[in-house]
Ligand code: SF4
Ligand code: SF4
Ligand code: SF4
C-alpha cells in the first residue's frame, strides 16, 4: 500500500445516507482513492471488526465515523476506531450531535422494544420473545449487542478531532473533508482538535430572508406545520408562523432547505456558543408568539399560540436531543 494514507470508515446507528454522501464527492473521490487506501469500510466491502483490530494503535491515518451510539457494539466500534486512527472524524449529524436516532431518547429502551416486538399491528409474537444479549445454543452461545439506556453522540464516548455536520453532510462540506485528507497526504498537519468544518455563525447569517426576520413586530397567533400552508418565499419563516431553527443552527449548508422553501430543522447542530439549541429556539419562537390584545384573554387562551406547535420535542430537538443540556443533565447527573 506504499506511502498512501490509510482510511477507515465505520457506521453505527445510521441510515446509510452518510456513506452515500462520501461516494457523492464526484471526481474528488478519484483524487481521494489516489491519496488514500481504504483499509476498513464494512458498509461498502466485506470487512469484519477483526480487520480493524488487526491494525496497531494509531496505524490508520484517518477514521471517518458516521452514526450515533445506540448499542454496546457501536460503543466498542467507536473505541477501536479511536485507538487505531490518528485522526477521528465525526461525520454527519448522528455522529456529531446524536441526530435523528437520538429522538429515541424520548422513550425508554423497554418501551421501544415493547412496540417493536409486541405492539405493532403486524407483530406475531405469542411468546413475547425479546432479543437476548446471550442465548446458549448447541453447546455454544449466540450473542447480540446490548441496547444502551440512551443514544449518544460520538464525542460522548471518545475524543473527536474533526466534525463534519449535516444530514448528510452536503457536497461542499464533504469536499472540505476530502481536502483535509488530501492535504494530510501531501504532508500538511491535521487540523486542530475540535475543528468543525462549517461556519461558526448561525444559519440566519447566510439566509437570503434575514432582512425580513424582525420586520413587522407582529405577534404570531398560530404556529403552522410546513404542509399546512404555502410559505411566502421572500419572508422569514418565523414571521409567517413556521418554526425555523436557523437562528440556533450553525451555518455552512448553503441554506439548502430555505432555498427549497422549507424551514431549517437544525441538522448542522448548534453554533459554538449555544449550550442547548432547542431551548434557545423554543425561547425565541415563544417570544414571537402571542395574540393581539392578549391581556383581554384568560391565561389558557394566551397559551394557545405555543400550544399550536405539534410535537415540540421533535420540532426543536430533531437532531440535537442527545447533546441537549437539558436532556444530558437528567441522564448524566451525578448520583446522590
Ligand atoms: S446524519 Fe443523516 S444521513 Fe447521516 S446517518 Fe444520520 S440520518 Fe443518515
Ligand atoms: S429564521 Fe430561518 S427563515 Fe428566518 S432568517 Fe433565519 S434561517 Fe432565514
Ligand atoms: S437548512 Fe437547516 S436542516 Fe436544512 S440542511 Fe441547512 S442546517 Fe440542515
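Residue numbers (our numbering): -3 to 332. Glycine is no exception: its CB is placed at the ideal position from the N, C-alpha and C atoms.
Run through DSSP, which three-state label would residue 195 get? The sequence position of residue 195 within the chain shown is 199, counting from 1. Reduced to three states, the DSSP call for residue 195 is coil.
Decide yes or no for the touch test of the region 185 to 200 against the region 245 to 259: beta carbon pairs closer than 8 Å, at least 3 of them. yes
Can you give me the C-alpha to C-alpha distance between residue 307 and residue 221, rounded to a whole angstrom? As a first step, residue 307 is located in the chain shown; it is residue number 311 there, counting from the start. As a first step, residue 221 is located in the chain shown; it is residue number 225 there, counting from the start. Straight through space, the alpha carbons of residue 221 and residue 307 are spaced by roughly 10 Å.
Skipping 5 residues on each side, what residues in its chain have a beta carbon closer than 6 Å to that of residue 127? Looking up residue 127 in the chain shown gives position 131. Cβ neighbours of residue 127 beyond the five flanking positions: 140.
Go ahead and pull the three-state DSSP assignment for residue 176. Against the chain shown, residue 176 aligns to sequence position 180. Correct three-state label for residue 176: helix.
Going along the chain, which unbroken runs of the beta strand (DSSP E) with 3 or more residues stay wholly within the region 221 to 266? None, since the region 221 to 266 contains no complete beta strand (DSSP E) of that length.
Verify the contact flag: residue 261, CB atom, against every heavy atom of ligand 2, threshold strictly below 6 Å. Within the chain shown, numbered from 1, the residue matching residue 261 stands at position 265. Outside the cutoff, so no.
Quick one: what's residue 36 bridged to in DSSP? Residue mapping note: residue 36 aligns to position 40 of the chain shown, counting from 1. Bridge partners of residue 36: 4.
Comparing alpha-carbon positions, which option in 145, 53 and 73 lies nearest residue 103? Position 107 of the chain shown, counting from 1, holds the residue named residue 103. Closest by alpha carbon: 145.
Please classify residue 287: does DSSP put it in a helix, a strand, or coil? What you label residue 287 is simply residue 291 of the chain shown in a count that begins at 1. Coil.
Buried/exposed call for residue 101, threshold 16 Cβ in 10 Å: Looking up residue 101 in the chain shown gives position 105. Buried, by the Cβ-count rule.
Determine contact between the region 152 to 165 and the region 67 to 79, defined as no fewer than three beta-carbon pairs at a distance below 8 Å. yes
Whole-angstrom Cβ separation of residue 90 and residue 62, contact assumed at under 8 Å? For the purposes of this step, residue 90 is taken as residue 94 along the chain shown, with counting starting at 1. For the purposes of this step, residue 62 is taken as residue 66 along the chain shown, with counting starting at 1. Yes, residue 90 and residue 62 are in contact; Cβ-Cβ is about 6 Å, under 8 Å.
In angstroms, rounded to a whole number, what distance separates the CA positions of residue 267 and residue 244? The residue given as residue 267 occupies position 271 in the chain shown. The residue given as residue 244 occupies position 248 in the chain shown. So the two alpha carbons sit approximately 7 Å from each other.
Measuring straight from C-alpha to C-alpha, what distance separates residue 65 and residue 94? Along the chain shown, read from residue 1 onward, the residue named residue 65 stands at position 69. Along the chain shown, read from residue 1 onward, the residue named residue 94 stands at position 98. Going from the Cα of residue 65 to the Cα of residue 94 covers about 8 Å.
Of the listed residues 92, 183 and 188, nearest to residue 162 (C-alpha basis): Position 166 of the chain shown, counting from 1, holds the residue named residue 162. With distances taken between Cα atoms, residue 162 lies closest to 92.
C-alpha distance - residue 35 paired with residue 9, whole-angstrom precision: Position 39 of the chain shown, counted from the first residue, corresponds to residue 35. Position 13 of the chain shown, counted from the first residue, corresponds to residue 9. The alpha-carbon atoms of residue 35 and residue 9 are separated by roughly 21 Å.
Starting from the C-beta of residue 274, find all residues in its chain whose C-beta is less than 7 Å away, skip the five residues before and the five after it, and write them out in chain order. Reading the chain shown from its first residue, position 278 is the one you call residue 274. These residues qualify, in order along the chain: 312, 313, 316 and 320.
At the 7 Å Cβ level, is residue 39 part of the contact set with chain E, yes or no? Of the chains in the structure shown, none is chain E; there is only one protein chain.
Give the C-beta separation of residue 83 and residue 158 to the nearest angstrom, bearing in mind that I take them to be a contact with Cβ-Cβ under 8 Å. Taking the chain shown and counting its residues from 1, the one referred to as residue 83 is at position 87. Taking the chain shown and counting its residues from 1, the one referred to as residue 158 is at position 162. So it is a contact: roughly 7 Å between Cβ atoms.
Measuring alpha carbon to alpha carbon, tell me which residue in 219, 233, 173 and 99 is nearest residue 286. Here residue 286 refers to the residue found at position 290 of the chain shown. The option with the nearest alpha carbon to residue 286 is 219.
Report yes if the CB atom of residue 169 is closer than 7 Å to the CB atom of residue 193, and no otherwise. One-based indexing of the chain shown puts residue 169 at position 173. One-based indexing of the chain shown puts residue 193 at position 197. Yes.
C-beta atoms of residue 1 and residue 181 nearer than 7 Å: As a first step, residue 1 is located in the chain shown; it is residue number 5 there, counting from the start. As a first step, residue 181 is located in the chain shown; it is residue number 185 there, counting from the start. Yes, they are a contact pair.
Give the DSSP-derived three-state secondary structure of residue 156 in the structure shown. Taking the first residue of the chain shown as 1, we reach residue 156 at position 160. DSSP places residue 156 in coil when its eight states are reduced to three.
Based on the DSSP output, what are the partners of residue 136 in its beta bridges? Residue mapping note: residue 136 aligns to position 140 of the chain shown, counting from 1. Per DSSP, 133.
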